[in-house]
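Student: Okay, here's the structure, questions in a sec.
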Amino acid sequence: MEKFSYVNATSLEQVTALLSDSGWGEVMLIAGGTDLLAELKEYVETPKTLINLKTLPGMDAIEADASGLKIGALATVADIARHPTIQQHYTVLAQAAGSVATPQIRNVGTLGGNLCQRPRCWYYRDESTHCLKKGGDICYAVDGLSKYHAILGGDPVYIVHPSDLAPALIALGASLKIVGPEGEKTMLLEEFFTLPAANPFRENVLEPNEIVVEVQVPPAKPNTKSFYLKAREKGAPDFALASVAAVFEMDGKTCKSASVVLGGVAPAPWRSTEAEAALTGKMVDDTVSKQAGADAVKDAQPLNDNAYKVTLTQNLISRAAMMATS
Amino acid sequence: MASWGEASESRLIGKRIPRLSGRDKVTGKAKYTFDINRPGMLYGRILRSEVAHANVVGVDLSEAEALPGVKAVIQIVEVGNKIRYQGQEIAAVAAETDDIAKDAIRLIRVDLEELPHVVTEADAMAEGAPQIRDDWTGNQSNPNVREEGDLAGGFAQAAVEVEATYHAPVQTHVCLETHGNVAEWEDEQNLTVWASTQGVFGVRNDLAGSFNLPANQVRVITEHMGGGFGSKFGPGVEGRRVAELARITGRPVKLMLTRKAEHLVAGNRPSMTQHVRAGATGDGRLIAYDMKGHGTGGISSGAGFQAPYVYHVPNRRTERVNVAVNVGNQRAMRAPGHPQGAFAMDSLMDELAEKLGMNPLEFRRINDTSEVRQAQYTLGAQEIGWHRRNSVPGAGKAVKKRGMGVGSGQWGGGGGRGTQARVTINSDGTVEAVTGTQDIGTGIRTAIAIIVAEEFGLAPTDIRVTVGDSGPGLPSGGSGGSQTTASVAPVIKTAAAAAKQKLFERIAPQLNAPVGDLRVGNRTIYVVSDRTKTIKWELATGQLGMDSISEGGEWDEELRQGGVAGTQFAEVEVDTETGAVRVIKIVAVQDCGLAINRLATESQINGGVIMGLGQALLEERFMDAQTGRMLNANLEDYKVPGTFEIPEIKSIVFDTHRKVTGVGEPPCIPTPGAIANAVYNAIGVRIRELPITPDKILTALAEKKA
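As given, the protein sequences belong to chains A and B, one line each in that order. Per my numbering, the very first residue in the first sequence carries number 39; after that it's consecutive. Per my numbering, the very first residue in the second sequence carries number 155; after that it's consecutive.
What follows is the structure, given as structure tokens:
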């Protein structure tokens, strides 16, 4: 990696001041570093300054009460996976967190880092390949090897968003607290992520001088069943070929409301309003669940090597729906 | 005639004995080449080409040389040379720290004139493909054609025929310890190298030749080694260059390959594609086999594979070609040519059996001339519960479906000459065994201790074993071809027997008995005809004084034998909605002759099965036709089995005789075929391409449905 200076953060004001006006890539934030260090070692990122966020006090707290969940951006993935309230009432989130990488990575990787991690695309991660995402002319996945790439929302960059926590949190209706030089703002996590058509270089709307500080999750509704299903080629560590975060409000076998968010298939966590519509208000059975899966992928545009993801995604959605009935 | 004696007489040989280096390895005390740090040591790095095919127009080292902390920069390619694959060495650097070395290689300016590259076999074989080897016409070698019997006549007798294409992609070795060395010159004429190698004497001789030194002035040490699988013979470019850097700087230099370089240039298992048409008679005899196949070993050749394999086909024709691509060379990889050949053959066997309406195991019994495997079929079938196997592949409506399959393999492993060893008895009763072999993780160190301890009535921990060092001047061959134990054990055994004989000759007069009546056991020498005549081991050896006993041995062919058969059964569960394959159990019945250490032999079989499972389900090198680069030169996208993938493995050490035979390689051979057949049995759809990943399963299931 290139040399950089290293600053321990003392306050959010200091962090946003250091970030100000530097643009992307000059000053970068590091917490767990499980993603960033790999990027530095591969020279995909070459910042001049790293700000160590681990010295910020209190930002790793997880608070659970009647008003819902508040999770500090520095909470580790392991903290989330083993939190009793999350396990009990926000199952999809605990399952998603438990599916991330390995125990070692979960122990240091943070919520904020997980949401803001960069794509795993093998063209993007190769220093010598100047792809569209890095300011080049083409997305090499289009004519290249695309087994792990996007089937939805890809054009013109076919990366997939690698986060497991993001689909789960979006399915739970989470919001994100962001702090910038002008103070703090809150937005729906779903609106945080963007597609390459809007910005091929970034995966979210965060400005270079902003920092994600907290995730808020509304209280779990009664009679809710939630699941995170993640298909991968090997047990661990492996990123999702496709994943489904699903939250169902059930009345017996009838689905009162559904929230279905896909991971590993699109450049951003992908809310499937089609699957939600196919399930909402229905008595869920084999036919309905299969229809929900089929509706979710009807606009899928696979590349050369990833048509299997269409079937896989479809099957995961119907499996999740059927799980809600038992 | 020399022999290992009866099993009933063995106290240690054939028992399950923990390896002597186990504690050191799990506590981190064991020093691998990576762990060697010498006073004043520098760090070496190699700049490699990211371009697959190019002419070298210019190389400028000046900026790298000017970087503070850089002690030497050497150019490896010359202007006018051709770069022929990604990863090819351009220049090397030695610096005070590894970070400086890394920075320095990025300051080397390389001017390349890019040439059209070809990195996939399809592109290489296409009409009008760029010529990438100067010594070939086109990108394919001359076909290697073999014929036996009467092919047309054979097909005329066939009641059923199968025509299919089987493919296995290139795999890389994935040695956990990457290739590398630490080189140190004592003076201008004496070089010591700590090498991660499968052959300390091979490295010694190569370096002696490269630097024009007498062989006895180069010392190569490999105390512990983190995996080679056939890729670590000889010092390689990195070994010769690190020695050169050390000579130029006058300081020790360490240079270990990066994980990326390991994938790119440290060898790989060639790919295999075979189009095969085969027939069997109505009573289940293989009768005709016609195979046209190709594979790539990168820019080199050597992409052979076994076809047909194990089972006897009287009428056959095979035609193989090597395809050259702009990718790093193949090297021998655990049972070269066998696992991929076995996968294709065992898949074909099941396809033919199905057309015959015959149980695949019965079909094998008819066509397998090996008596050993015939017995293994019976044992393995019992262990896996073959009677539970689906009679109709893919039957049932369950989402998760189970199936069973079988596969077979064969290997040599009989060892060879070329090992010198000494066994020494000191006057304090301690014993040393020294030989120039190396323990590449297989446990030869422990096997040597067991043999000597058995001979002397001592415990394995009483024996000090020195291997992995050319210093004592007792050569042994490289550890490859499953040859180590069968090469080394007979020499150790005869050396120990000779040393014991010498001791008995010294002690016999005191015991007033003929030498031939003396025996040793339980740290005591006794007279077999009069058990009251005894002398404690230490009292006997104490009389040696300064005149310790030290004997060499010889490779007694009666103590070893080549040729092993193996059979594996797999049970898998396939999730038909996700395409995930979970291996539930593997039964590996491995013929191995006399297992010196049964525990290590079982461990060897486990390792082979795990490697075979990786080839069956996970491993594939991805080459990008656009950039000419390997896309998964890491351990994130090049996937090897982890703890979640490891099934229950029932390793059955199938002793067929009491002569030593190596089994390093054979246990990885039958696994992919057995798993592929089990997957078919589970879902009723055949996957003819390795690895069997979810995308292939889901695609095949969708095609079947359509």
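Even for Gly, the Cβ is constructed at its ideal location relative to N, Cα and C.
(1) Among TYR239/B, ALA226/B, VAL264/B, which has the Cα closest to the Cα of GLU232/B?
(2) Pick out whichever of ASP701/B, ASP849/B, THR810/B, ASN788/B has its Cα sitting closest to the Cα of ALA161/B.
(3) For ASP276/A, which three-state DSSP category applies?
(4) Considering just the uninterrupted stretch of the alpha helix (DSSP H) at ASP178/B, what are its terminal residues?
(5) Closer than 8 Å, Cβ to Cβ, to anything on chain B: give me those residues from the region 137-161 of chain A, in chain order.
(6) CA-CA distance, LEU440/B and GLY433/B?
(7) When the cut-off is 9 Å and only beta carbons count, does TYR186/A lie next to chain B?
(8) Judging by CA-CA distance, which residue of PRO845/B, TRP339/B, THR853/B is the nearest neighbour of GLU773/B?
(9) Can you tell me the Cα-Cα spacing of VAL328/B and HIS417/B, whole angstroms?
(10) Using a Cβ-Cβ distance under 9 Å, would ASP791/B count as near chain A?
(11) Residues in its own chain within less than 7 Å of ALA104/A by CB, not counting five upstream and five downstream?
(12) I'd like to know if THR72/A contacts chain B, where contact means its C-beta is closer than 9 Å to some C-beta of that chain.
(13) Based on Cα-Cα distance, which residue from ILE249/A, ASN261/A, THR114/A, ALA236/A lies nearest to LYS215/A?
(14) Step through the CB atoms of chain B and report whether any lies within less than 9 Å of the CB of GLU271/A.
(15) So GLU799/B and ILE738/B are in contact, right, with Cβ under 8 Å, and what is the actual spacing, rounded?
(16) Would you give the residue range spanned by the alpha helix (DSSP H) that TYR346/A belongs to?
(17) Which class does THR853/B belong to by DSSP, given the choice of helix, strand or coil?
(18) Counting only the same chain and skipping the five closest in sequence on each side, list residues whose C-beta sits under 6 Å from that of VAL335/A.
(19) Between which two residues does the beta strand (DSSP E) carrying ASN335/B extend?
(20) In three-state DSSP terms, what is VAL794/B?
(21) Among TRP62/A, ASP73/A, ILE89/A, which residue has its Cα nearest to the Cα of SER43/A?
(22) Examine chain A for any beta-carbon lying closer than 9 Å to the beta-carbon of GLN528/B, and answer yes or no.
(23) Using a cut-off of 8 Å between C-beta atoms, extract the partners of GLN780/B located in chain A.
(24) At 9 Å on the CB atoms, spell out the chain B contacts of THR363/A, in chain order.
(25) Report yes or no: is there a C-beta of chain A within less than 9 Å of the C-beta of THR825/B?
(26) Just checking, does the region 472-483 of chain B make contact with the region 502-510 of chain B on the three C-beta pairs under 8 Å criterion?
(27) Taking ARG689/B as part of the beta strand (DSSP E), name the residues at either end of that continuous run.
(28) Can you find a CB in chain B that lies within less than 9 Å of the CB of ASP343/A?
(29) Which of the three DSSP states, helix, strand or coil, is assigned to THR435/B?
(30) Based on DSSP bridge pairs, tell me the residues matched to SER203/B.
(31) Can you look up GLY557/B in the DSSP assignment and give me helix, strand or coil?
(32) Taking the beta strand (DSSP E) that SER704/B falls in, what are its first and last residues?
(33) Going by DSSP, what residue range makes up the beta strand (DSSP E) through HIS466/B?
(34) Over the uninterrupted alpha helix (DSSP H) stretch that includes ILE176/A, give me the two end residues.
(35) Between the C-alpha atoms of ASN342/A and ALA779/B, what's the straight-line distance to the nearest angstrom?
(36) So which of ASN513/B, VAL728/B, GLU525/B, GLN528/B has the shortest CA-CA distance to HIS541/B?
Tutor: Considering the structure as presented:
(1) Along the second sequence, one-based indexing puts residue 232/B at 78. Ranking the options by Cα distance to GLU232/B, first place goes to VAL264/B.
(2) Here residue 161/B corresponds to residue number 7 of the second sequence, with the count starting at 1. With distances taken between Cα atoms, ALA161/B lies closest to THR810/B.
(3) For the purposes of this step, residue 276/A is taken as residue 238 along the first sequence, with counting starting at 1. Residue state, collapsed to three classes: coil.
(4) Indexing the second sequence from 1 puts residue 178/B at position 24. ASP178/B -> alpha helix (DSSP H) spans 176-181.
(5) ARG158, TRP160, TYR161
(6) Counting from 1 along the second sequence, the entry for residue 440/B is found at position 286. Counting from 1 along the second sequence, the entry for residue 433/B is found at position 279. Distance between the alpha carbons of LEU440/B and GLY433/B is about 6 Å.
(7) In the first sequence, the residue the question calls residue 186/A occupies position 148. For TYR186/A, the answer is yes, since a Cβ of chain B falls inside 9 Å of its Cβ.
(8) For the purposes of this step, residue 773/B is taken as residue 619 along the second sequence, with counting starting at 1. The shortest C-alpha separation from GLU773/B is found at PRO845/B.
(9) For this step, residue 328/B is matched to residue 174 along the second sequence. For this step, residue 417/B is matched to residue 263 along the second sequence. About 7 Å.
(10) Taking the second sequence and counting its residues from 1, the one referred to as residue 791/B is at position 637. By this cut-off, ASP791/B is an interface position.
(11) Position 66 of the first sequence, counting from 1, holds the residue named residue 104/A. Correct list, in chain order: PRO257.
(12) The sequence position of residue 72/A within the first sequence is 34, counting from 1. For THR72/A, the answer is no, since every Cβ of chain B falls outside 9 Å of its Cβ.
(13) Locating residue 215/A in the first sequence gives position 177, counting from the first residue. The residue with the shortest Cα to Cα distance from LYS215/A is ILE249/A.
(14) For the purposes of this step, residue 271/A is identified with residue 233 of the first sequence, where counting begins at 1. Cβ-Cβ to chain B under 9 Å: yes for GLU271/A.
(15) As a first step, residue 799/B is located in the second sequence; it is residue number 645 there, counting from the start. As a first step, residue 738/B is located in the second sequence; it is residue number 584 there, counting from the start. Actually they do not touch by this definition, with Cβ atoms about 12 Å apart.
(16) Translated into the one-based positions of the first sequence, residue 346/A becomes position 308. Start and end: 346-362.
(17) Locating residue 853/B in the second sequence gives position 699, where the first residue counts as 1. Of the three classes helix, strand and coil, the one that applies to THR853/B here is helix, per DSSP.
(18) Residue mapping note: residue 335/A aligns to position 297 of the first sequence, counting from 1. Hits under 6 Å: VAL348, THR351, GLN352.
(19) As a first step, residue 335/B is located in the second sequence; it is residue number 181 there, counting from the start. It spans 334-341 - the beta strand (DSSP E) in which ASN335/B sits, taken as one unbroken run.
(20) In the second sequence, the residue the question calls residue 794/B occupies position 640. The answer is coil: DSSP assigns VAL794/B none of H, G, I, E or B.
(21) Sequence index remark: in the first sequence, residue 43/A carries index 5 (1-based). Ranking TRP62/A, ASP73/A, ILE89/A by Cα distance to SER43/A puts ILE89/A first.
(22) In the second sequence, the residue the question calls residue 528/B occupies position 374. GLN528/B does not count as touching chain A.
(23) As a working note, residue 780/B is residue 626 in the second sequence. What GLN780/B touches in chain A: TYR178, ASP181, GLY182.
(24) For the purposes of this step, residue 363/A is identified with residue 325 of the first sequence, where counting begins at 1. The contacting residues do not exist; THR363/A stays about 15 Å from chain B at best.
(25) In the second sequence, residue 825/B corresponds to position 671, counting from 1. Output row for THR825/B: interface = no.
(26) no
(27) On the second sequence, residue 689/B is found 535 positions in, with the first residue counted as 1. At residue 689/B the sequence reads Ile, which differs from the Arg that was named. From DSSP, the beta strand (DSSP E) with ILE689/B extends over 684-690.
(28) If you number the first sequence from 1, residue 343/A lands on position 305. With 9 Å as the cut-off, ASP343/A counts as an interface residue toward chain B.
(29) Within the second sequence, the letter at position 281 stands for residue 435/B. Correct three-state label for THR435/B: coil.
(30) Along the second sequence, one-based indexing puts residue 203/B at 49. None; SER203/B has no bridge partner.
(31) Position 403 of the second sequence, counted from the first residue, corresponds to residue 557/B. Residue state, collapsed to three classes: strand.
(32) Residue 704/B sits at position 550 when you count from the first residue of the second sequence. From DSSP, the beta strand (DSSP E) with SER704/B extends over 703-706.
(33) Counting from 1 along the second sequence, the entry for residue 466/B is found at position 312. Here HIS466/B belongs to no beta strand (DSSP E), and DSSP marks it neither H nor E.
(34) Position 138 of the first sequence holds residue 176/A. That residue, ILE176/A, is in no alpha helix (DSSP H); it is neither H nor E in DSSP.
(35) Locating residue 342/A in the first sequence gives position 304, where the first residue counts as 1. Locating residue 779/B in the second sequence gives position 625, where the first residue counts as 1. Answer to the nearest angstrom: the Cα atoms are 14 Å apart.
(36) Here residue 541/B refers to the residue found at position 387 of the second sequence. Considering only alpha carbons, the answer is ASN513/B.
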